[in-house]
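*Asks:*
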Amino acid sequence: MEKQTCVICGSCFLGAPDTDAQKWLGHIRLSRCRSDDSVATLTGVGYLDPPGFTVPEDASSRIIPGESGPGLERHRETACSPTVVFHESCWNMLFEYMSLKTNTRHEENDVAQCLYDLIFDLPPGKNSSVFIGQNGFTTPCRGNTALPIIFEYAGADPDMLLLTHVEKELAETETDLLILEGSPNSFTSLPTKLVHHIITFLDSSSVCNLRLSSKVIASVTGPKDLPQAFWASRFATDDELDFFPLDCLSAAARNDWRQVYFDVRHSLLDCSKTGHIHNRQRIWSCVKRLSLPLKMMLDQLLDVRRFKPLPIGFGLPGYLGTEKTQGLAKRRELRIKAEQYLALDPEFFETGDLRMSISTMIIKSTTYICGIRISRGDDKVSGDEMSRVGFVLPDTETHLCIQRSSHLTAIRVTASIGGIIGLSFQQTDIEGKFSWQSADHRDKLLDFAGVVTLKPAMNERILGIIVGFDTYKAISIQLLEDPISFASPSASRMSVRMQPRWLWYPVEPDSRNLIVPPQMAQHSIPGQPTLALNMNFGGSDGSWLPRLIHVSVFTSAGTNAPKGLGFYYVDGSCKRYLFQSDISDSISTRLCYEVGFPLNGSGGERINGLKLERLGGEVILKITTNFHRVLKSNQADQEKESNELGLTNKRKIEIREVPDGQTIIAILASVEPSESHGNIESLGISCIQDRGAPSTTTTRPSLSARQFCLQRGHLSG
277 MEKQTCVICG
287 SCFLGAPDTD
297 AQKWLGHIRL
307 SRCRSDDSVA
317 TLTGVGYLDP
327 PGFTVPEDAS
337 SRIIPGESGP
347 GLERHRETAC
357 SPTVVFHESC
367 WNMLFEYMSL
377 KTNTRHEEND
387 VAQCLYDLIF
397 DLPPGKNSSV
407 FIGQNGFTTP
417 CRGNTALPII
427 FEYAGADPDM
437 LLLTHVEKEL
447 AETETDLLIL
457 EGSPNSFTSL
467 PTKLVHHIIT
477 FLDSSSVCNL
487 RLSSKVIASV
497 TGPKDLPQAF
507 WASRFATDDE
517 LDFFPLDCLS
527 AAARNDWRQV
537 YFDVRHSLLD
547 CSKTGHIHNR
557 QRIWSCVKRL
567 SLPLKMMLDQ
577 LLDVRRFKPL
587 PIGFGLPGYL
597 GTEKTQGLAK
607 RRELRIKAEQ
617 YLALDPEFFE
627 TGDLRMSIST
637 MIIKSTTYIC
647 GIRISRGDDK
657 VSGDEMSRVG
667 FVLPDTETHL
677 CIQRSSHLTA
687 IRVTASIGGI
697 IGLSFQQTDI
707 EGKFSWQSAD
717 HRDKLLDFAG
727 VVTLKPAMNE
737 RILGIIVGFD
747 TYKAISIQLL
757 EDPISFASPS
767 ASRMSVRMQP
777 RWLWYPVEPD
787 SRNLIVPPQM
797 AQHSIPGQPT
807 LALNMNFGGS
817 DGSWLPRLIH
827 VSVFTSAGTN
837 APKGLGFYYV
847 DGSCKRYLFQ
857 SDISDSISTR
867 LCYEVGFPLN
877 GSGGERINGL
887 KLERLGGEVI
897 LKITTNFHRV
907 LKSNQADQEK
917 ESNELGLTNK
927 RKIEIREVPD
937 GQTIIAILAS
947 VEPSESHGNI
957 ESLGISCIQD
967 RGAPSTTTTR
977 PSLSARQFCL
987 QRGHLSG
């Protein structure tokens with residue numbers, strides 16, 4: 277059974293620490309929202325009590341392992357509510373950092389509420405901490421294995437600040453002014469004291485870059501030349517050694533900041549169980565990254581928690597909600613805490629062009645949209661802000677321009693597990709020419725993500741959008757249109773709003789082709805769109821078909837269920853379609869196998885049919901060609917299969933065949949990410965009109981068997 281780890285630092289919890297240096301791993305707090313409470317609050321200091329935690333109700337109290345009595349609470353992880361649990365030391369460091377560089381001192385329960393909301397709406401996955409990003413560390417922490425030697429310091433008490441004194445002499449540096457080649461730079465005439473004063477305000481990286489760029493600076497800023505004020509500045513907030521608490525230093529130590537600096541730097545080299553300073557630096561870096569969304573949620577006046585979700589029949593004066601899509605869910609339904617509307621029509625604001633600024637935040641290495649604001653101006657110049665939804669992070673904004681002379685005619689939404697990760701906008705001018713602007717700069721779509729283009733249902737113009745939020749990120753997008761075009765506004769609004777949507781990976785099928793879609797997945801979590809693979813192997817015009825030489829099916833190592841397809845071409849290129857990443861909470865590595873066969877594309881062999889057979893718990897994908905050959909995804913025992921042929925009541929078969937006069941260029945497949953980890957659930961096809969492929973009676977491969985599988989290889993998934 278996997279261990280639960282600290283949501284702040286990712287380290288494990290110990291019920292009975294072996295040494296005094298490990299006691300901090302047993303001092304535990306929670307941010308919990310009890311069933312009869314509407315808000316989350318902080319508990320006292322308790323202990324690990326498998327399979328859960330025992331803590332005092334009063335935040336000012338603390339208990340020792342095994343202690344019982346009134347006023348104690350027992351908590352454990354459930355499917356409906358997360359257990360937001362952390363070390364007392366990590367909480368103290370987080371709360372300390374949240375109070376730095378601000379005139380407002382936040383209340384403990386306010387920070388605890390934001391931390392609870394952040395974890396509750398966190399996209400699921402195997403990273404135990406929000407931002408730690410150290411899989412080599414978190415994996416053994418969650419399992420029952422020992423920490424690797426390079427991560428042993430992660431168990432050291434971050435509150436034990438024992439410095440290792442450095443006795444060695446510093447290297448000598450040149451003090452004479454160097455002769456410069458070419459023209460002297462602007463620092464040549466500056467007094468040395470002024471140079472020292474300037475670099476005191478720079479962070480360490482900038483100081484290093486400045487020394488590399490200027491021989492004058494390098495000659496007067498050696499370790500022995502710099503004043504004590506410079507070394508003291510290295511311990512300031514958001515500087516190199518800001519994690520080190522200065523209140524632990526003696527008065528004598530404060531007289532030699534250079535010595536303290538090098539002592540701390542030397543202590544950071546300790547990766548063993550005594551690496552207390554090293555572990556404090558690690559946790560402090562986690563706290564810094566975690567504080568970004570927490571401060572955003574606490575400090576911004578426009579807080580989505582002030583707004584309520586809009587009712588299904590909601591309508592705005594002059595607007596009507598139509599097409600809608602949302603992010604994918606895995607363990608539980610996405611929690612919509614607010615829906616806010618945003619007008620995107622320049623005429624609404626009675627102005628010229630509009631500047632749209634889209635803010636993003638990174639959660640678990642995935643960039644999510646967290647806010648949008650509208651201003652006067654364009655993508656280069658900003659004017660007065662007109663409207664906003666969600667949270668605004670200026671440093672992350674992507675700026676787009678909505679032109680008054682054009683109409684907004686489509687919005688392409690990119691969604692993933694947990695929310696919206698990209699938006700693109702199509703504008704059409706008076707001549708009918710269209711252009712796209714995007715706030716999604718990915719070269720490749722993430723696994724378990726998809727795109728869908730939302731277009732006006734009964735009009736040619738989008739007037740605005742309704743953005744649904746959880747606590748801190750966008751999770752749904754809905755179009756707003758002119759209701760005049762609807763014969764029955766109420767009926768149309770209800771039917772279109774509740775219509776399920778597709779999310780296509782990596783792109784949507786070409787709507788100009790003949791499309792036989794797969795069946796929509798039967799979701800265990802209601803309301804989310806169906807994720808589907810668009811496995812295009814023939815090119816938009818079929819030009820890749822003559823170059824196709826090999827087709828493979830990727831299957832799950834555990835169940836042999838098909839997960840995706842691979843296509844290989846004569847020039848050595850390949851196209852592979854499957855979701856390889858493991859979005860489950862398991863720490864085990866999942867494998868998928870590859871089974872394939874050659875295909876004579878240059879000789880006119882084409883895929884002309886698909887069959888998905890379910891025999892009890894077994895799933896078999898069969899691909900047929902116009903040369904009457906069959907590729908099977910499973911090397912099932914032939915005698916067993918023959919015996920099961922008569923069990924029609926237990927066999928479910930889905931068949932997709934190419935219509936007359938058509939050629940398959942893409943195989944479509946719906947998947948279900950929450951239950952089957954990306955296995956194929958249903959099949960579809962995308963076809964173009966037959967353009968006179970070579971006759972099927974000509975060159976055929978010299979193969980004696982019509983149905984076969986090659987030797988398996990395996991891929992890490």
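Each residue of the sequence shown is one higher than the one before, starting from 277 at the first, in this note's numbering. Glycine residues also receive a C-beta, built at the ideal position from the N, C-alpha and C atoms. Keep in mind it's a predicted model, so treat the numbers as computed, not measured.
Kindly list the residues whose CB is nearer than 8 Å to the CB of glutamate 333, restricted to its own chain and excluding five residues on each side of it in sequence; keep chain order.
*Replies:* Residue numbering aside, residue 333 sits at position 57 when the sequence shown is read from its first letter. Once the five neighbours on either side are set aside, the close Cβ partners of glutamate 333 are Thr319, Gly320, Gly347, Leu348, Glu349.
*Asks:* Return yes when the Cβ of leucine 907 is within less than 9 Å of the Cβ of serine 958, no when it is not.
*Replies:* What you label residue 958 is simply residue 682 of the sequence shown in a count that begins at 1. What you label residue 907 is simply residue 631 of the sequence shown in a count that begins at 1. Not closer than 9 Å, so no.
*Asks:* Would you kindly work out how many angstroms separate the C-alpha atoms of threonine 636 and isoleucine 899, rounded to a whole number?
*Replies:* Here the question's residue 636 lines up with position 360 in the sequence shown. Here the question's residue 899 lines up with position 623 in the sequence shown. Answer to the nearest angstrom: the Cα atoms are 42 Å apart.
*Asks:* Would you report the Cα separation of lysine 640 and proline 399, rounded to the nearest angstrom?
*Replies:* Numbered from its first residue, the sequence shown carries residue 640 at position 364. Numbered from its first residue, the sequence shown carries residue 399 at position 123. In a straight line, the C-alpha of lysine 640 is about 8 Å away from that of proline 399.
*Asks:* Looking at the unbroken beta strand (DSSP E) that takes in methionine 632, where does it start and where does it end?
*Replies:* As a first step, residue 632 must be located in the sequence shown, where it is residue number 356. Taken as a continuous stretch (DSSP letters only), the beta strand (DSSP E) holding methionine 632 covers 630 to 639.
*Asks:* For leucine 755, verify whether its CB is less than 8 Å away from any heavy atom of the ligand GTP.
*Replies:* For the structure depicted, the ligand GTP is absent and the ligand set is empty, with no information on it obtainable.
*Asks:* Does the Cβ of cysteine 282 have 16 or more other Cβ atoms within 10 Å, making it buried, or fewer, making it exposed?
*Replies:* Your numbering for residue 282 matches position 6 in the sequence shown. With 16 or more Cβ atoms within 10 Å of its Cβ, cysteine 282 is classed as buried.
*Asks:* At 3 residues or longer, what runs of the beta strand (DSSP E) sit wholly inside the region 648 to 711?
*Replies:* As far as the region 648 to 711 is concerned, its whole beta strand (DSSP E) runs of at least 3 residues are 658 to 666, 674 to 678, 683 to 692, 695 to 704.
*Asks:* Tell me where the beta strand (DSSP E) around glutamate 384 begins and ends.
*Replies:* Within the sequence shown, the letter at position 108 stands for residue 384. No beta strand (DSSP E) holds glutamate 384; the alpha helix (DSSP H) holding it covers 384 to 396.
*Asks:* For glutamine 965, is the classification buried or exposed, using 16 other Cβ atoms within 10 angstroms of its Cβ as the cut-off for buried?
*Replies:* For this step, residue 965 is matched to residue 689 along the sequence shown. With fewer than 16 other Cβ atoms within 10 Å, it is exposed.
*Asks:* Given that a residue counts as buried once 16 or more other Cβ atoms are within 10 Å of its Cβ, and exposed if not, what is lysine 928?
*Replies:* Counting from one through the sequence shown, the residue named residue 928 turns up at place 652. Counting Cβ neighbours within 10 Å, lysine 928 comes out exposed, since fewer than 16 surround it.
*Asks:* Report the CB separation of histidine 382 from methionine 374 in whole angstroms; it is logged as a contact under 8 Å.
*Replies:* The residue labelled residue 382 in the question sits at position 106 within the sequence shown. The residue labelled residue 374 in the question sits at position 98 within the sequence shown. Yes, they are in contact, since the Cβ atoms of histidine 382 and methionine 374 sit about 6 Å apart, within 8 Å.
*Asks:* Spell out a yes or no on whether the region 606 to 613 and the region 651 to 664 are touching, meaning 3 or more CB-CB pairs, one atom from each, closer than 8 Å.
*Replies:* Because the criterion of three Cβ pairs below 8 Å is not met, the region 606 to 613 and the region 651 to 664 do not touch.
*Asks:* Can you check DSSP and say which residues form a bridge with leucine 721?
*Replies:* The sequence position of residue 721 within the sequence shown is 445, counting from 1. According to DSSP, which records beta bridges pairwise, leucine 721 is partnered with nothing at all.
*Asks:* Can you tell which of Glu948, Val895, Arg882, Pro434 has the C-alpha that lies nearest to the C-alpha of isoleucine 941?
*Replies:* As a first step, residue 941 is located in the sequence shown; it is residue number 665 there, counting from the start. Among Glu948, Val895, Arg882, Pro434, the Cα nearest to that of isoleucine 941 belongs to Arg882.
*Asks:* DSSP beta-bridge partners for glycine 345?
*Replies:* Translated into positions along the sequence shown, residue 345 becomes position 69. According to DSSP, which records beta bridges pairwise, glycine 345 is partnered with nothing at all.
*Asks:* Suppose the cutoff is 7 Å on Cβ atoms and the five residues either side in sequence are ignored; what does the same chain contact list for leucine 502 look like?
*Replies:* The sequence position of residue 502 within the sequence shown is 226, counting from 1. Around leucine 502: His472.
*Asks:* Along the beta strand (DSSP E) that carries threonine 806, what are the first and last residues, could you check?
*Replies:* Start at 1 with the first residue of the sequence shown, and residue 806 comes out as number 530. First-last of the beta strand (DSSP E) with threonine 806: 806 to 812.
*Asks:* Check glycine 302 in the structure and name its three-state DSSP category.
*Replies:* Residue numbering aside, residue 302 sits at position 26 when the sequence shown is read from its first letter. Residue state, collapsed to three classes: helix.
*Asks:* By the DSSP assignment, the beta strand (DSSP E) with histidine 826 in it spans what residues?
*Replies:* Start at 1 with the first residue of the sequence shown, and residue 826 comes out as number 550. 824 to 832 is the extent of the beta strand (DSSP E) around histidine 826.
*Asks:* Evaluate arginine 994 with the Cβ neighbour count: other Cβ atoms within 10 Å of its Cβ, from every protein chain shown; 16 or more gives buried, anything less gives exposed.
*Replies:* Here the chain covers residues 277 to 993 and nothing more, so residue 994 does not appear.
*Asks:* How is proline 785 classed by DSSP in three states: helix, strand or coil?
*Replies:* As a position in the sequence shown, residue 785 is number 509, starting the count at 1. Three-state result, proline 785: coil.
*Asks:* Any idea what DSSP makes of glycine 842, helix, strand or coil?
*Replies:* The sequence position of residue 842 within the sequence shown is 566, counting from 1. The answer is strand: DSSP assigns glycine 842 an E or B state.
*Asks:* Of the residues Arg565, Ser480, Lys571, Ser567, which one's Cα is nearest the Cα of arginine 541?
*Replies:* As a working mapping, residue 541 is identified with position 265 in the sequence shown. Nearest option by C-alpha distance: Ser480.
*Asks:* If we call anything under 9 Å between Cβ atoms a contact, is lysine 600 one with serine 700?
*Replies:* Stepping through the sequence shown from its first residue, residue 600 is reached at position 324. Stepping through the sequence shown from its first residue, residue 700 is reached at position 424. Contact: no.
*Asks:* Once the 5 residues before and after aspartate 386 are set aside, which same chain residues still bring their CB inside 8 Å of it?
*Replies:* Here residue 386 refers to the residue found at position 110 of the sequence shown. Once the five neighbours on either side are set aside, the close Cβ partners of aspartate 386 are Leu574.
*Asks:* If you draw a straight line from the alpha carbon of arginine 338 to that of glycine 322, how long is it in whole angstroms?
*Replies:* Start at 1 with the first residue of the sequence shown, and residue 338 comes out as number 62. Start at 1 with the first residue of the sequence shown, and residue 322 comes out as number 46. In a straight line, the C-alpha of arginine 338 is about 6 Å away from that of glycine 322.
*Asks:* With respect to the beta strand (DSSP E) encompassing cysteine 366, which residues constitute its N-terminal and C-terminal limits?
*Replies:* For the purposes of this step, residue 366 is identified with residue 90 of the sequence shown, where counting begins at 1. Cysteine 366 -> not in any beta strand (DSSP E); alpha helix (DSSP H) instead, spanning 364 to 374.
*Asks:* Quick one: what's got a C-beta closer than 7 Å to tyrosine 844's C-beta in the same chain, skipping five residues either side?
*Replies:* Residue numbering aside, residue 844 sits at position 568 when the sequence shown is read from its first letter. Same-chain partners within the cutoff: Ile825, His826, Cys850.
*Asks:* Kindly indicate which residue of Glu933, Trp560, Ala619 has the alpha-carbon position closest to the one of asparagine 902.
*Replies:* On the sequence shown, position 626 is the one that residue 902 refers to. Of the listed residues, the one whose Cα sits closest to asparagine 902 is Glu933.
*Asks:* Examine the Cβ distances between the region 426 to 433 and the region 784 to 803 and report whether three or more of them are shorter than 8 Å.
*Replies:* At 8 Å Cβ cutoff, the stretches do not touch.
*Asks:* Give me whichever residues DSSP pairs with cysteine 963 in a beta bridge.
*Replies:* Locating residue 963 in the sequence shown gives position 687, where the first residue counts as 1. According to DSSP, cysteine 963 bridges with Leu790, Ile940.
*Asks:* What are the boundary residues of the beta strand (DSSP E) that includes asparagine 884?
*Replies:* Residue numbering aside, residue 884 sits at position 608 when the sequence shown is read from its first letter. Start and end: 883 to 891.
*Asks:* Which first and last residues belong to the beta strand (DSSP E) in which arginine 558 is found?
*Replies:* The count along the sequence shown starts at 1 and reaches residue 558 at position 282. That residue, arginine 558, is in no beta strand (DSSP E); its alpha helix (DSSP H) goes 552 to 575.
*Asks:* Taking the DSSP output, what are the residues bridged to serine 752?
*Replies:* Within the sequence shown, numbered from 1, the residue matching residue 752 stands at position 476. DSSP, once it has assigned bridges, lists Gln602, Gly744 as partnering serine 752.
*Asks:* Given a cut-off of 9 Å on the beta-carbon distance, is the pair leucine 821 and leucine 566 in contact?
*Replies:* Position 545 of the sequence shown, counted from the start, is the residue given in the question as residue 821. Position 290 of the sequence shown, counted from the start, is the residue given in the question as residue 566. Against a cut-off of 9 Å, the Cβ pair of leucine 566 and leucine 821 comes out as no contact.
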